[in-house]
Amino acid sequence: MAIDMETYKKIRRLHLVEGIPIRQISRDLGVSRNTVKKYIHGDIIPGESKFSPRQKLVMNEEVIKFMKACILEDNEHTHTKQRHTAKRIWTRLQEELGFTGSYSSVKVVLRELKNKNNEVFLPLTFNPAEAMQIDFGSAHVYIHEEKQEIKYFCARLAYSAHIFAKVYLAEREECFLDGVVSAFEYFGGVPREVLFDNARVAVSEGYGRHVTKITKGYETLVAHYAFKPKFCNVRSGNEKGIVENLVGLIRRNTMVPIPRIKSLQELNLKIKKSCDNYLETHKVNGESLSVKEKFQLEARNLLALPNHPLDISKRDYKRVTKFSTITFETNKYSLPCELVGKEVILKAGHSEIQFLYQGKVIATHQRIFKKNKSSYQLAHYLKAL
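Below, the structure is given as structure tokens:
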């Protein structure tokens, strides 16, 4: 027998407060003794529905394993627009496993599986000069009205949050090494650790926290500047979050609208002024001291720069062809024609290439980062003409 809330209240009160026995409560209220017994202890409330978890129909182990595999596949690549939706997983389950369950059941289970994989991030704090985080970003610019994609190196001190950035035509090892050296020189010293991801400009074996060997150039840089290299896991921006934010900051503040420049040096001057202004004006939310005040403390704790900056250029011996050229990374560069057949030294830096013969620089070219291009200088062929 169902009762209303008023009758329920009277049953509970008569029994608990006034101590009336079940038989008398049944007689006074006109309800059966079984009904009084049913509600007397408060185990059941009139009108209350008992909800039980919905059964995950046809969600067997094979289906769950398939859904986990889809999630894992998505996590292993960065193409966010090509990830599985619940609808796509449901369709694949029908096509590949003959799944007969509903789309809504797939959504519920998928949500649970993803929630189980949620990571917990701990806030990080750093001591002055303890660490610097570095990364590369990309943007487009117009150089002499020709639209090009450029790369920009970003560095941020973990304690003070002071920033540095520099643009390059490519993300090559020489550009990476020059970026690190330029950051040290801009900050006036070297932090104890430098945190980077597993980009091949720095790593030759392993990945993430499992890096086993760094490139020869980076190894030389580490030795010369006496810092410890550290690497974060693949696609773990939270491990170097302060520089991830800087990549976006530089893009918004110096790359919008799309710069129209005559040289990268012009853009680098603009970026340096932006970094200088950041130091003078910025204060991180939640911090009691400004970036400038914290950097003044941090600068005193940075390791001293070596007496001579590291020459980061790549060197090789090359023989001048009968066309008075040398090929480097599929691109041809001209040299004075009287050097045909001679062996010269090639020095490839982050922005230019120098050729030396008998200890003297005999030609300098802007480095080409595209494929199968040529750089000829008329002066090199005057004698032949």
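Counting in the numbering used here, the sequence shown runs from 336 upward without gaps. Every residue, glycine too, gets a C-beta built ideally from N, C-alpha and C.
So what does DSSP say about ARG423, is it helix, strand or coil?
-> By one-based count along the sequence shown, residue 423 stands at place 88. Correct three-state label for ARG423: helix.
How about ILE360 and LEU351: do their beta carbons lie closer than 7 Å?
-> Counting from one through the sequence shown, the residue named residue 360 turns up at place 25. Counting from one through the sequence shown, the residue named residue 351 turns up at place 16. No; because the gap between Cβ atoms is not below 7 Å, this pair is not in contact.
What residue from LYS607, ARG347, SER367, GLU673 has the CA that sits closest to ALA698's CA?
-> The residue you call residue 698 lines up with position 363 of the sequence shown. Of the listed residues, the one whose Cα sits closest to ALA698 is GLU673.
By Cβ distance, which residues of its chain are closer than 7 Å to GLU508, with the 5 residues on each side in sequence left out?
-> Translated into positions along the sequence shown, residue 508 becomes position 173. So the list reads VAL536, THR550, GLY552, once near-sequence residues are dropped.
Do you know offhand how far TRP723's Cα is from ASN410's?
-> A query on residue 723 cannot be resolved here, the shown segment of the chain reaching from 336 to 720 and no further.
May I have the straight-line CA-CA distance separating ALA421 from GLU579, to the nearest angstrom?
-> Here the question's residue 421 lines up with position 86 in the sequence shown. Here the question's residue 579 lines up with position 244 in the sequence shown. If you take the alpha carbons of ALA421 and GLU579, they lie about 29 Å apart.
Classify PHE471 as buried or exposed, calling it buried when 16 or more other Cβ atoms lie within 10 Å of its own Cβ.
-> One-based indexing of the sequence shown puts residue 471 at position 136. That one is buried.
Between the Cα of HIS700 and the Cα atoms of TYR711, GLY621, ALA518, which residue gives the shortest distance?
-> On the sequence shown, residue 700 is found 365 positions in, with the first residue counted as 1. The residue with the shortest Cα to Cα distance from HIS700 is TYR711.
Compute the Euclidean distance between the alpha carbons of TYR758 and HIS475, then round it to the nearest angstrom.
-> Because residue 758 is not part of the residues shown, which for the chain are 336 to 720, the question remains open.
So, LYS605 versus THR616, is the Cβ gap smaller than 7 Å?
-> Within the sequence shown, residue 605 is the residue found at index 270, counting from 1. Within the sequence shown, residue 616 is the residue found at index 281, counting from 1. Going by C-beta atoms, LYS605 is not nearer than 7 Å to THR616.
Could you say which of ILE703, LYS677, THR342 lies nearest to ILE688 if we only look at CA atoms?
-> The sequence position of residue 688 within the sequence shown is 353, counting from 1. Looking at the Cα atoms, ILE703 is the closest of the given residues.
CA nearest to the CA of ALA558, picked from ALA493, THR435, GLU408, PRO641 = Position 223 of the sequence shown, counting from 1, holds the residue named residue 558. With distances taken between Cα atoms, ALA558 lies closest to PRO641.
Could you pull out every unbroken beta strand (DSSP E) segment of at least 3 residues lying fully inside the segment 447 to 512, listed in chain order?
-> 466 to 478, 481 to 492, 498 to 503
Cα-Cα separation between LYS706 and LYS667, rounded to whole angstroms | Within the sequence shown, numbered from 1, the residue matching residue 706 stands at position 371. Within the sequence shown, numbered from 1, the residue matching residue 667 stands at position 332. Cα-Cα distance, rounded: 10 Å.
State yes or no: is the C-beta of VAL626 within less than 7 Å of the C-beta of ALA496?
-> For the purposes of this step, residue 626 is taken as the residue at position 291 of the sequence shown. For the purposes of this step, residue 496 is taken as the residue at position 161 of the sequence shown. For VAL626 and ALA496, yes; Cβs fall inside 7 Å.
Taking C-beta to C-beta, are LEU670 and SER659 nearer than 7 Å?
-> For this step, residue 670 is matched to residue 335 along the sequence shown. For this step, residue 659 is matched to residue 324 along the sequence shown. Yes, the pair counts as a contact, with Cβ atoms nearer than the cut-off.
From TYR804 to PRO594, what distance separates their C-alpha atoms?
-> As displayed, the chain neither begins before 336 nor continues past 720, which places residue 804 out of reach and without an answer.
Per DSSP, cross-strand counterpart(s) of ALA537 | Taking the first residue of the sequence shown as 1, we reach residue 537 at position 202. Beta-bridge pairing links ALA537 to no other residue.
List the DSSP bridge partners of TYR668.
-> Against the sequence shown, residue 668 aligns to sequence position 333. ILE661, SER710, per the DSSP bridge assignment.
Along the chain, which unbroken stretches of the alpha helix (DSSP H) at least 4 residues long are found entirely within the segment 568 to 619?
-> 576 to 589, 599 to 616
Hey, how far is the Cα of THR460 from the Cα of LEU512?
-> In the sequence shown, residue 460 corresponds to position 125, counting from 1. In the sequence shown, residue 512 corresponds to position 177, counting from 1. C-alpha separation (whole angstroms): 27 Å.
From LYS653, CYS510, ALA493, SER598, residue whose alpha carbon lies closest to that of GLU480 | In the sequence shown, residue 480 corresponds to position 145, counting from 1. Nearest option by C-alpha distance: SER598.
Going by beta carbon distance, what residues of the same chain come within less than 8 Å of PHE663, once the five residues before and after it are set aside?
-> As a first step, residue 663 must be located in the sequence shown, where it is residue number 328. Contacts found: ASP651, LYS653, LEU681, ALA683, ILE688.
Report the residue from GLY541, LYS482, HIS419 whose alpha carbon sits nearest the alpha carbon of GLU408.
-> As a position in the sequence shown, residue 408 is number 73, starting the count at 1. The candidate whose alpha carbon is nearest that of GLU408 is HIS419.
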